[in-house]
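Asks: Residue numbers (this note's numbering): 44 to 639.
If you scroll down you'll find the structure; I have some questions about it.
Laid out in structure tokens, this is it:
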């Protein structure tokens, strides 16, 4: 019995020790993995729920949490009960922020749109109501309703939005309410906003409802230019809006000219001469047609008769020539800026074609060069991405590179576990290259100095006796050639041909760039070399097992001595002879020792 008890206790102790050893081993592996990859989460960091925080059941058996509190509101619908917030809570959630960033806040851009709409109402309809007989006592209340709605928008812009705009002072973004309000009150914008809201409408009681008394409302032009700047910053094709805006400038100048022509006709008397408007048809359309012919100087207009008509027509001609030339120049600048990239592409392509024709490059090569230009331009919208990013600060270039390339590079097995900052530095060294169909990315036997990451398209790895059999097809996100970056002794040679299957866009990381980065990250360099050796060993192992070419042998092994010759040497040794055979035997021993 004593022996059985002793064996039982020893078995329990052994099992317990084995359990402890297993736990210590798991703990060591976790710590090692944590040192290699800092992003690995630890099990000790997850908080454990405290028993005291558990809900206490009420005397009735229900949890106290399940009971609705007095501040909560519930809505019964069919057989279910839904919790909803009161209307006051909705209002609180929709309240304006204490400060508004005018550069990035889309809500502020939307508000500027309403302000600009109110401004356009005043700019376009004040001249019409003043010149044409469209404002009558029967519809005056509709005009005044829209007028004072626009005034309300102006007033809200001053009191609510402009006093909350952030500004930069001494490099700091100021968000203090008092400072933002004082900055707006000291600005030129505040003076113009107050001037455009002058209460000249009070003179309605003395002179009647004259639309010219609302002319100061057109002085809120700063909001219009600010809206243009903010809108162009968020549009993907801002040149379309610029073309529309320039066209609107031309239409507005014609609009004002038509209003002035009707006023001049009414001043002279409708139909009094052949030059003035005769009062037939739609007055606005007829006067607008006359304004277009005058400002664009088409000709075919009746000659002015009176001195007033002559002066008015001369001023119209001078203004038309000046305004039309300005509009044409501005439209040319807008279209030129919109097609600047296309113009640069065409100039580069024309220069390349001229160069190839001068040196009589074969037509097949010229066609491939043209195809490369066309595909690169249509797929990327530019010929070289680095030219676009070179103007940005280093931090912004890194942010863009992370968003574009980090998901692909982080999946490379060679770089998993490396310092994250090293990966970030490597992203900025990636270079984008486009390969045409059947282009060789790398050839068998070449010294590998680059790693390739497929961004778009496919590549095929060729092998076999003739080197044309497709071994594997790599798609977007695949990586090849990564072992070449860390191979010592001048780089390892490529073992297969890699050909682009269709158009392929690849990222290339050169070996010299990686070496410049690894100088600052010695731990990552050690880890990469260890991984590279392991990957090379796994790649060479099947070849060694099959008896393929392994490590190069500098001195080949000597052929074995024939048996008959060895027997003769042995017989000579037993007789103790010192003849030629004995000397030959001694010489063979020396050579064997040297070979060993």
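Ideal Cβ placement from N, Cα and C applies to all residues, glycine included.
Rounded to a whole number of angstroms, what is the C-alpha to C-alpha distance between residue 549 and residue 72?
Replies: C-alpha separation (whole angstroms): 37 Å.
Asks: Residue 104 by DSSP, collapsed to three states: which one?
Replies: With a pLDDT of 46 at residue 104, under the threshold of 50, the predicted position of this residue should be treated as unreliable, and no value is reported.
Asks: Just to confirm my understanding: we take residue 477, look at its own chain, exclude 5 residues before and 5 after, and list those with CB closer than 6 Å. What are they?
Replies: Only 419 and 548 meet the Cβ criterion.
Asks: Please classify residue 175: does DSSP put it in a helix, a strand, or coil?
Replies: It is coil, neither helix nor strand.
Asks: So the alpha helix (DSSP H) residue 469 belongs to, where does it begin and stop?
Replies: That run of the alpha helix (DSSP H) goes 463-470.
Asks: Name the DSSP bridge partner or partners of residue 474?
Replies: Answer by DSSP bridge pairing, in chain order: 551.
Asks: Going by CA-CA distance only, name the one from 190, 281, 426 and 551 that's closest to residue 258.
Replies: With distances taken between Cα atoms, residue 258 lies closest to 190.
Asks: Between which residues of its own chain and residue 370 is the CB-CB distance below 6 Å, once the five residues before and five after are set aside?
Replies: Closer than 6 Å at Cβ, skipping near neighbours: 293.
Asks: In whole angstroms, what separates the C-alpha of residue 504 from that of residue 543?
Replies: Near 9 Å, if we compare the C-alpha coordinates of residue 543 and residue 504.
Asks: Quick test of your reading: residue 227 and residue 205, contact by CB under 8 Å. State the CB separation rounded to the nearest angstrom.
Replies: Residue 227 to residue 205, Cβ: 5 Å. Contact.
Asks: Once DSSP output is grouped into helix, strand and coil, what is the label at residue 505?
Replies: In this structure, residue 505 counts as strand in the three-state DSSP scheme.
Asks: Tell me which residue opens and which closes the beta strand (DSSP E) that residue 485 is part of.
Replies: Start and end: 483-485.
Asks: Do residue 524 and residue 514 come within 8 Å of each other at the CB atom, strictly closer than that value?
Replies: No, the pair does not count as a contact, with Cβ atoms beyond the cut-off.
Asks: Tell me which same chain residues have a C-beta within less than 7 Å of the C-beta of residue 289, skipping the five on either side of it?
Replies: Result list for residue 289: 370, 373, 374 and 377, in chain order.
Asks: Taking residue 361 as part of the alpha helix (DSSP H), name the residues at either end of that continuous run.
Replies: Residue 361 -> alpha helix (DSSP H) spans 350-381.
Asks: Count the other CB atoms, across all protein chains shown, that sit within 10 Å of the CB of residue 352; report buried if there are 16 or more and exposed otherwise.
Replies: Buried, because 16 or more other Cβ atoms sit within 10 Å of the Cβ of residue 352.
Asks: If we call anything under 8 Å between Cβ atoms a contact, is residue 340 one with residue 300?
Replies: Cβ atoms of residue 340 and residue 300: not closer than 8 Å.
Asks: Please state the DSSP three-state secondary structure of residue 35.
Replies: Because the chain is modelled from 44 through 639, residue 35 falls outside the range shown and cannot be assessed.
Asks: Going by other Cβ atoms of all chains shown within 10 Å of its Cβ, with 16 needed for buried, is residue 92 buried or exposed?
Replies: Any reading at residue 92 must be qualified, since the residue scores a pLDDT of 40, below 50, and its modelled position is unreliable; no value is offered.
Asks: Would you mind working out which of 219, 262, 223 and 213 sits nearest residue 237, comparing C-alpha positions?
Replies: Selected option, being the one with the closest Cα: 262.
Asks: Measuring CB atoms only, is the segment 564-576 touching the segment 456-468, in the sense that at least three cross pairs come out at less than 8 Å?
Replies: Counting Cβ pairs under 8 Å, three or more are found: they touch.
Asks: Going by CA-CA distance only, name the one from 53, 210, 202 and 161 that's closest to residue 186.
Replies: Answer by Cα proximity: 161.
Asks: Straight-line CA distance for residue 455 to residue 522?
Replies: Roughly 7 Å between the two C-alpha positions.
Asks: Using the C-alpha atoms, what's the distance from residue 411 back to residue 167?
Replies: Using only the alpha carbons, I get a separation of about 56 Å.
Asks: Going by C-alpha distance, which of 224, 271 and 397 is nearest residue 158?
Replies: Of the candidates 224, 271 and 397, the one whose C-alpha sits nearest the C-alpha of residue 158 is 271.
Asks: Provide the residue span of the beta strand (DSSP E) that contains residue 278, from first to last.
Replies: Looking at the DSSP string, residue 278 is not in any beta strand (DSSP E), and its letter there is neither H nor E.
Asks: What did DSSP end up calling residue 120 once you bin it into helix, strand or coil?
Replies: Below a pLDDT of 50, predicted positions are generally treated as unreliable, and residue 120, at 48, falls in that range; the measurement from the model is reported next regardless. Residue state, collapsed to three classes: strand.
Asks: In terms of residue numbering, what span does the alpha helix (DSSP H) encompassing residue 458 cover?
Replies: First-last for residue 458: undefined, no H or E at that position.
Asks: Taking residue 248 as part of the alpha helix (DSSP H), name the residues at either end of that continuous run.
Replies: Where residue 248 is concerned, the enclosing alpha helix (DSSP H) stretches over 247-250.
Asks: Please report the residue range of the alpha helix (DSSP H) in which residue 512 lies.
Replies: Per DSSP, residue 512 belongs to no alpha helix (DSSP H); it is in the beta strand (DSSP E), 512-517.
Asks: Given 7 Å as the limit, tell me if residue 392 has its C-beta closer than that to any heavy atom belonging to the ligand SAH.
Replies: What this structure holds is no ligand at all, so the ligand SAH is not there to describe.
Asks: Would you kindly check if the distance between the Cβ of residue 208 and the Cβ of residue 277 is under 8 Å?
Replies: No, the Cβ-Cβ distance between residue 277 and residue 208 is not below 8 Å.
Asks: Would you kindly work out how many angstroms separate the C-alpha atoms of residue 363 and residue 311, rounded to a whole number?
Replies: Each residue's alpha carbon lies about 22 Å from the other.
Asks: What does residue 536 pair with, by DSSP beta-bridge criteria?
Replies: Residue 536 pairs with 490.
Asks: Going by the CB atoms, is the gap between residue 443 and residue 452 shorter than 8 Å?
Replies: Result no, Cβ atoms of residue 452 and residue 443 do not sit closer than 8 Å.
Asks: Using three-state DSSP, classify residue 528 as helix, strand or coil.
Replies: It is helical.
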